[in-house]
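A quick write-up on the structure given underneath.
Numbering (my numbering), first residue to last: 28 to 163.
In structure tokens:
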């Protein structure tokens, strides 16, 4: 199969093998980009960095400096928070947990009253959950 032609935001053209992930593409451009990229736009559609390219197109990498990059990070963080709270306090019912302009939040239905000590426990669980699985 022939290589795919990828057009970057600055107009530069890269040729990659079919099946190349967007993270691999970012790494081939620069280590800094690979570290700062959170998601990418492929032909205007936001996709994660594990997405495997199967056709050519326009690619733009999004970082925390981009609103869509921030939104993606905050959305993922809210799910990681919910997972940690559920793991610590199994009887918790999850409400909504949207990303908002200043961060994110999650509503929980529980009889447990959260304290500052719980925050530390949640952070510990998040750290263990993230190790090797997410870019936390």
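Ideal placement from N, C-alpha and C gives every residue a C-beta, glycine not left out.
In this structure, does DSSP put residue i in helix, strand or coil?
i: residue 84; result: strand
i: residue 67; result: strand
i: residue 54; result: helix
i: residue 147; result: helix
i: residue 76; result: coil
Spatial neighbours of residue i within its chain, please: C-beta separation below 6 Å, excluding the five flanking residues on both sides.
i: residue 114; result: 152
i: residue 119; result: 112, 113, 135 and 137
i: residue 123; result: 134
On the CB-based measure, 16 or more other CB atoms within 10 Å of its CB, does residue i come out buried or exposed?
i: residue 49; result: buried
i: residue 77; result: exposed
i: residue 129; result: exposed
Looking only at its chain, what residues have a beta carbon closer than 7 Å to the beta carbon of residue i, apart from the 5 residues adjacent to it on each side?
i: residue 85; result: 34 and 70
i: residue 75; result: 66
i: residue 116; result: 137 and 139
Report back the beta-carbon spacing between residue i and residue j to the nearest angstrom; my notes put them in contact at under 8 Å.
i: residue 89; j: residue 64; result: 7 Å
For residue i, I'd like the list of residues in its chain whose CB is within less than 8 Å of its CB, leaving aside the five on either flank, ordered along the chain.
i: residue 131; result: 101, 102, 104, 105, 108, 124 and 125
**Length-filtered (4 minimum) alpha helix (DSSP H) runs lying within the region 88-141** = 94-115
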